Each structure stands twice: as C-alpha cells, then as structure tokens.
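Enquirer: If you read the sequences in order, they're chains W and P. Just so you know, we're using the numbering used here here: the first sequence kicks off at 303 and counts up by one. Just so you know, we're using the numbering used here here: the second sequence kicks off at 32 and counts up by one. Cβ atoms here follow ideal geometry from the backbone N, Cα and C, with glycine treated the same way. Just so you know, these numbers come straight off a predicted model, no measurement behind them. Structure in structure tokens, see below.
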Amino acid sequence: MKRDQIPGFEATQKKGWLLAHKWLLLRRASQLGILGLFLLGPWFGIWLVKGNLNASLTLDVLPLTDPYILLQSIFAGHAIETTALLGGVIVLVFYLLVGGRAYCAWVCPVNIITDAAQWLRQRLKITGSSGLSRKTRYWLLGLSLPLSFVTGSIVWEVINPVSMLHRGLIFGMGLAWLIVLAVFLLDFLVSKRAWCSHLCPVGAFYSLLGHTSLLRVRADNREQCDDCMDCFMVCPEQQVIRPALKAVNGAGPVIMSANCTNCGRCIDVCAKDVFHFGLRANNSCEHINCGADSKTEPPRTESTDNNSHSSKINPITSRAEVL
Amino acid sequence: MTTPARKQDRPNPSRRKFLLDSARAAGTASLLALGVGVYSRQSVALPADAIRPPGALDEKDFLGACVRCGLCVRDCPYDTLKLATFGEEVATGTPYFTAREIPCEMCEDIPCVKACPTGALDPQLENIDDARMGLAVLIDEENCLNFQGLRCDVCYRICPLIDKAITLEMKHNVRSGMHALFIPTVHSDACTGCGKCERACVLETTAIRVMPYALAKGELGHHYRWGWKEKKRAGESLVTPDIEHKYNLPAGQSYDYEGEGLIINDAGDSAAPAQAPGDSPFSSNPLDTLNSNALNAGRKSREDR
C-alpha cells in the first residue's frame, strides 16, 4: 500500500501525526493501563487491583464483575452472592452510560491483537472475506445461555479469548496463547475483523448495553465530508457510520448504532474534522444541515448491512468492501 | 400474465439476502457452540490430584459458580492456590492446589472463601475444620514405612487434626512376631483434605494421598444395617436372642467376649469363674472322646497310609 493510500494520511499531513492518532493513542494507553493496573500486584507487589476482567476488587472496596459471565452463571443455576452481583450492576450502569462496546475499544486486550491483524491485513492488501455474518455473534450469545443451562457451567469461559488472554497475562498463560494466535490468524488471513465484529459474544453482549449510551461519536460537520473513505477503512463496524454521515433517511448526525465501539479512530483519520465525541442530545435533522442527497439514498438498515456483497452499488460501501 | 398471488411468490432479493444471512449466522454460531458445548462437558472431570479450595461447591455446581477471577488465589497467604491454565486437565481459569507441592495450611480466617465474590467457595464455611477438600487415603500399604513396622509417623505428626483425622492403630507385627505395627488410620469425620500428610510423606512417591470424596469413599447399600449398632440403639437384639458363646478353656481361664479377651486367672483365685463341669460339650470320661467317630476315622486314614 502506498503511503498516501494509508487511511489517515491526509489527516496526518494536515493535523500532524500526534493529533491524527490522538484517540488511538489514548485507547492503547487505556487498554495497556488497565492491564498494567492488574499487573502491578503480581509484578511489583502493589495491590491496587486484584483479580481479572471476569471479576476484580479495586483498593479492597470496589467489586467489578463481568455481567455476561454472571448471566451465564445464573443460567447454569447458581445463586450468586451479593458481592459479585453488586460488581455486575456497577459495570452494567457504567457501560449503559458510556456505550457498551466502549469495553471492546478501551478495555479488552484482544482488541490490540485484532487491530494488529487488521493493520497487517491492510498493509499486505489482503482482501476478500469468508462472508461471516455480523449477526453470528448474537446467535453465539443466544446459544451460550441455554448451553450454560444444559451443561451447568459458565460455558463461554472454556474458550473465551478475552479472559484467556487477560487472565493468562496476569496468572500464567499455559497454552492460552494458542487461542490468541488463532484469533490473530483468523482476523489476519481468513476474514476481515472476524473476531471482534462478527463472532465475539462478549462484544455482542456489551452492544446490547449500547442503545442508551449518552456518549456518542457525532458527525456534526458532515457537510464537510469529501468522501475520502478513510473513516470507513479504519472503522471496525463500518456499517454504523453511514446513517449519521450521509443522513440516510434523514438521520441525525449522531452515530446511534449500539455497535459503535466509541473508539474514535474515525475522528483521528478525518482530515476535515467531521467527527467528534459528544452527547446524544440534539440529534435532529433540523438542528444542522442535512445533506441534500439524503432523499436519494437507498434505504439500508444496519441489520442487513455487513461486509458480504451488496447488490446495490454504492460508492461508499463498494470501496469499503474492497479494503 | 401475472396474478397478484404470483407477484408475491417472486423472490425478493433483500428478503432472500436477509434470510440467507441469518441462516449463515445461525449455522456458524451453532457449529462453534457445538464445539464449545462438547468441550465444556469434557472438562468437567477433575483430575484426582487437583484439590479445590476449602468450601468449594461440588465440582458440577462449582463450574457454574466460579467466574475464574483468581481472587481466592490472590488472598491465599501461602501461595497454595493457583489458577488452571488452558491445556491443563482442570477447567481453565479455576482455582486448585496440588497437595504434594503446597498443601492447604488451613487458615483460621479462611481468606480464600472470604475473597470469593460469587459463592463458588461457600461463605457458610466458618470453621476450617469443617472443610472437606478431599479425603486422605493411605494408598500404598506396601511402601508405607509404618506398615513395615517402622515408626515413621510423619503423616500422623504433621496432621493439623492429630488423633482426630489420623490416628495410629496398633496391630500385631507378624513379621517379627514380637513387635507392634502402628498403622496410620484416616477418619473421614475429621479429615479436611488439607494435604499436609501427602506433602510430608517421606517416600519418593507419597504413600498417603488426598483423593476426591467420590474416589476415596465407598458407600453402603442403603438397606444395610450394622447389627451391633442397631442392637445398641434398640437395647436388645432385633433378631433371635443371642446365645452366649461358651468357651471350652482349661480350668482357671476364661474369655471375655467384646472385652479383655483371654483371662488367665491366678491359681487359687476364688473370684475366677471356674468352669462348671456341666458346661463342657465333652464327656467327663476321656475315653468317650477318644472313641468318638471323628477321631477313629482320622486314625484309620493314617493307618491306611
């Protein structure tokens, strides 16, 4: 890939490297920082946070528990103690406010692996896809609960790469790196963004918490968009951008999809500063200038929008699919 | 010619795409879930040398309750507990310990149970002596030094519940003919399965091991009754009345059944119950005995040879 074809090249030219990677750097700092907090104990004996992402105790007072794991435990028939329930409620409320899938972009360690795979994939111009559906994760999420009921165990934990990697780094990997390698190879060579955006039921669960999120990416300057496609190329859930950016069916400028991970990479790579973080308020078409082309856009809903081939040729999606 | 009904039959590309997409998603997810489900069933069996922390629920319930967070591991002051890693036989991420490496020190405040946020380690366990992590079994009598008549006693001495969980039971040493064997004997009503005996065993490979209850304990037929217990409870024999056993012993000797055993009374001790002549099954005339059929038959066969 030539340098000027790399998404964000124009933004880097215009804003400088640091500003064109601002949210990416903050995100990596957050992911590694959270991991670091967990590692302070075992590495340096500073026990600020104990446990792992499944359940933890911060400063010996604040319990946090993964609500998806609790849900599986309930389906497995266990009456959970108050500490874990309280921890689950705290996590639940937090992600209801900041967007469920912010977990994926700002906390989950597997995101670093799959982002690396995608980066390599883009550099080596590996195209094509095995045609996984983005809905697969919801089926997996749905199946994991009755499966927990039938087996009486927290079933997704037997392979969950998120806890395998995070727990592995803190408590010892064993052969868990094989699972991490498998996820990397899947995303790198088999199918674009396969794990995080198509298969992972943990992300699917958190996306269910994303509908009420106050914190959103907004495309308030969408009339500035010059269709450079950079945001689509970097977005792990590229179907979420279009309604807000192109005012599909008169949609407002706020990216309302629950699958937006609030990663902010679109903000970074946009040379025109179309995007910014904001609240979900004032999401009406009257509020700002809706694109004149909004009435001619074919109606597309998120549920049918995936990276498989679309019969409708649209300049935006068709180019995004290739990349 | 098209009727409205035929119009409806015409495939709708977006509907078809939606259905195909859904079917594909469901298929992929089912495949993955099938694998995960089968794999999770396989990982239910806990290897015999992996011991769960005190208060752990039964293995099947434990796997539905433990969120694999490792907080019990962190609060264990002796680094006894560890989390299973992927590839081990123990369910990935769940806590266990290996007694031969580091046994449970049976902390009085049970910090591992206090640390558990979900109740996979039962918070109702308040006295560590009530923990039942497993049951020690002296599994190799052929190599246990005490079974050979030596006084190793290490498992007995190290036991935190000495004389309750492990006792030394005296037996006759047939090999030497004159010494005693002190047999370490585990009692399941007191043994917590802490594994200190297994850790302390002086052999290259331990002769005493903590085993899961399912492997260590037999189970009586549910209709079985111990006659002597039932008799004690009822105050009398529940079947035909016992006939007191008669011993035929030389004069001056008696036998105390369920008691002292053979009692040799000093000659002239008037308190000794002398054997009444009428009690003997034998005739007072020794010739009667010598002429009995059984003895004659025995002599005859000897003469034939």
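1) Does any CB atom of chain P fall closer than 7 Å to the CB of W:S455?
2) Go ahead and label P:K202 buried or exposed: buried means 16 or more other beta carbons lie within 10 angstroms of its beta carbon, across all protein chains shown.
3) Okay, do the segment 119-131 of chain P and the segment 97-104 of chain P touch, 3+ Cβ pairs below 8 Å being the bar?
4) Report yes if the CB atom of P:I405 is closer than 7 Å to the CB atom of P:M137, and no otherwise.
5) Going by DSSP, what residue range makes up the beta strand (DSSP E) through P:P215?
6) Which of helix, strand or coil does DSSP assign to P:F49?
7) Using a C-beta to C-beta distance shorter than 7 Å, which residues of chain P count as neighbours of W:P411?
8) Helix, strand or coil: which one does DSSP assign to P:Y255?
9) Since P:K277 sits in a beta bridge, which residues does DSSP pair it with?
10) Run through the DSSP bridge pairs and tell me what P:D227 is partnered with.
11) For W:L511, which residues does DSSP report across the bridge?
12) Tell me which residues share the same chain as P:G292 and place their Cβ nearer than 7 Å to its Cβ, disregarding the 5 neighbours each side in the sequence.
13) Is the CB of P:C100 under 7 Å away from at least one CB in chain W?
14) Below 8 Å, how does it come out for the segment 56-75 of chain P and the segment 101-110 of chain P: are there three or more Cβ pairs, yes or no?
15) Does W:V412 come out as helix, strand or coil in the three-state DSSP assignment?
16) Tell me which residues share the same chain as W:A506 and place their Cβ nearer than 8 Å to its Cβ, disregarding the 5 neighbours each side in the sequence.
17) Considering just the uninterrupted stretch of the alpha helix (DSSP H) at W:R520, what are its terminal residues?
18) Per DSSP, P:K202 forms a beta bridge with which residues?
19) Under the assumption that P:I82 contacts P:G224 (Cβ atoms under 8 Å), give the Cβ distance between them as a whole number of angstroms.
20) Sorted by chain position, which residues of the same chain lie with C-beta nearer than 8 Å to W:L398's C-beta, five sequence neighbours on each side aside?
21) Is W:F346 buried or exposed, if buried means 16 or more other CB atoms sit within 10 Å of its CB?
22) Specify the secondary structure class of W:A357 as computed by DSSP and reduced to three states.
23) Looking at W:W458 and W:R329, is the spacing between their C-beta atoms short of 7 Å?
24) Note down, in chain order, each residue of its chain lying with its Cβ closer than 7 Å to the Cβ of P:A221, except the 5 sequence neighbours on either side.
25) Spell out a yes or no on whether the segment 464-482 of chain W and the segment 522-536 of chain W are touching, meaning 3 or more CB-CB pairs, one atom from each, closer than 8 Å.
26) Looking at the secondary structure, which residues open and close the alpha helix (DSSP H) in which W:M558 lies?
27) Which residues, in order along the segment 375-395 of chain W, keep a beta-carbon less than 8 Å from a beta-carbon of chain P?
28) Return the chain-ordered ranges of every alpha helix (DSSP H) run that is complete within the segment 101-150 of chain P and spans a minimum of 4 residues.
29) Taking 7 Å as the CB-CB cut-off, is P:K91 touching chain W?
30) In chain order, what residues of the same chain lie with their CB nearer than 7 Å to the CB of P:H178, ignoring the 5 residues before and after it?
31) List the whole-angstrom C-beta distance separating W:L471 from W:L337, where the pair is believed to meet the contact cut-off of C-beta under 8 Å.
32) In the segment 124-135 of chain P, which residues sit with their C-beta less than 8 Å from some C-beta in chain W, listed in chain order?
33) If we define contact as Cβ-Cβ less than 7 Å, is W:T598 a contact residue for chain P?
34) Check W:V363 in the structure and name its three-state DSSP category.
35) Please list the residues of the segment 144-163 of chain P that have a C-beta atom closer than 7 Å to any C-beta atom in chain W, keeping them in chain order.
36) Counting only the same chain and skipping the five closest in sequence on each side, list residues whose C-beta sits under 7 Å from that of P:G150.
Expert: Checking against the coordinates, here is how it stands:
1) Position 153 of the first sequence, counted from the first residue, corresponds to residue 455 of chain W. Taking CB atoms only, W:S455 has a neighbour in chain P less than 7 Å away.
2) For the purposes of this step, residue 202 of chain P is taken as residue 171 along the second sequence, with counting starting at 1. So P:K202 ends up on the exposed side.
3) yes
4) The requested residue 405 of chain P does not occur in the structure, where chain P is confined to residues 32 to 336.
5) Within the second sequence, the letter at position 184 stands for residue 215 of chain P. Unbroken beta strand (DSSP E) run through P:P215: A211 to V217.
6) If you number the second sequence from 1, residue 49 of chain P lands on position 18. The answer is helix: DSSP assigns P:F49 an H, G or I state.
7) On the first sequence, position 109 is the one that residue 411 of chain W refers to. Here the premise fails: no neighbours, minimum Cβ distance about 15 Å.
8) Reading the second sequence from its first residue, position 224 is the one you call residue 255 of chain P. The answer is coil: DSSP assigns P:Y255 none of H, G, I, E or B.
9) Here residue 277 of chain P is taken as the residue at index 246 of the second sequence, counted from 1. DSSP output for P:K277 lists no bridge partner at all.
10) Position 196 of the second sequence, counting from 1, holds the residue named residue 227 of chain P. The question names Asp, but residue 227 of chain P in the sequence shown is Lys. According to DSSP, P:K227 bridges with nothing at all.
11) As a first step, residue 511 of chain W is located in the first sequence; it is residue number 209 there, counting from the start. Partner(s): none; W:L511 has no beta bridge.
12) Start at 1 with the first residue of the second sequence, and residue 292 of chain P comes out as number 261. So the list reads Y286, once near-sequence residues are dropped.
13) For this step, residue 100 of chain P is matched to residue 69 along the second sequence. Cβ-Cβ to chain W under 7 Å: yes for P:C100.
14) no
15) Taking the first residue of the first sequence as 1, we reach residue 412 of chain W at position 110. Helix.
16) Here residue 506 of chain W corresponds to residue number 204 of the first sequence, with the count starting at 1. Only R439, Y440, L442 and L443 meet the Cβ criterion.
17) Within the first sequence, residue 520 of chain W is the residue found at index 218, counting from 1. From DSSP, W:R520 is part of no alpha helix (DSSP H) but of the beta strand (DSSP E) over L517 to R520.
18) Locating residue 202 of chain P in the second sequence gives position 171, where the first residue counts as 1. P:K202 is bridged to P:L212.
19) In the second sequence, residue 82 of chain P corresponds to position 51, counting from 1. In the second sequence, residue 224 of chain P corresponds to position 193, counting from 1. Rounded to the nearest angstrom, the Cβ distance from P:I82 to P:G224 is 6 Å, consistent with a contact under 8 Å.
20) As a working note, residue 398 of chain W is residue 96 in the first sequence. Excluding residues within five positions, the ones whose Cβ falls inside 8 Å are L511, T514 and S515.
21) Position 44 of the first sequence, counting from 1, holds the residue named residue 346 of chain W. W:F346 is exposed by the Cβ-count criterion.
22) Start at 1 with the first residue of the first sequence, and residue 357 of chain W comes out as number 55. W:A357: strand per DSSP, three-state reduction.
23) Within the first sequence, residue 329 of chain W is the residue found at index 27, counting from 1. Within the first sequence, residue 458 of chain W is the residue found at index 156, counting from 1. Contact: no.
24) Counting from 1 along the second sequence, the entry for residue 221 of chain P is found at position 190. Residues L192, K195 and A196 of the same chain have their beta carbon placed closer than 7 Å to that of P:A221, with the five preceding and five following residues left out of the count.
25) no
26) Working through the first sequence from its first residue, we reach residue 558 of chain W at position 256. It is not in any alpha helix (DSSP H) - W:M558 carries neither H nor E in the DSSP assignment.
27) S375, A378, G379, H380, A381, I382, E383, T385, A386 and G389
28) 102-106 and 142-146
29) Against the second sequence, residue 91 of chain P aligns to sequence position 60. With 7 Å as the cut-off, P:K91 counts as an interface residue toward chain W.
30) Reading the second sequence from its first residue, position 147 is the one you call residue 178 of chain P. Reading off the sequence shown, one finds Phe at residue 178 of chain P, where the question assumed His. E172, L212 and I214, listed in sequence order.
31) The count along the first sequence starts at 1 and reaches residue 471 of chain W at position 169. The count along the first sequence starts at 1 and reaches residue 337 of chain W at position 35. Contact flag correct, Cβ pair sits at about 7 Å.
32) G124
33) Taking the first residue of the first sequence as position 1, residue 598 of chain W is located at position 296. The predicted position of W:T598 is uncertain, since its pLDDT is 41 and thus under 50; no value can be drawn from it.
34) Along the first sequence, read from residue 1 onward, the residue named residue 363 of chain W stands at position 61. Residue state, collapsed to three classes: coil.
35) The residues in question are P148, T149, G150 and P154.
36) Locating residue 150 of chain P in the second sequence gives position 119, where the first residue counts as 1. The answer, listed in chain order, is A96.
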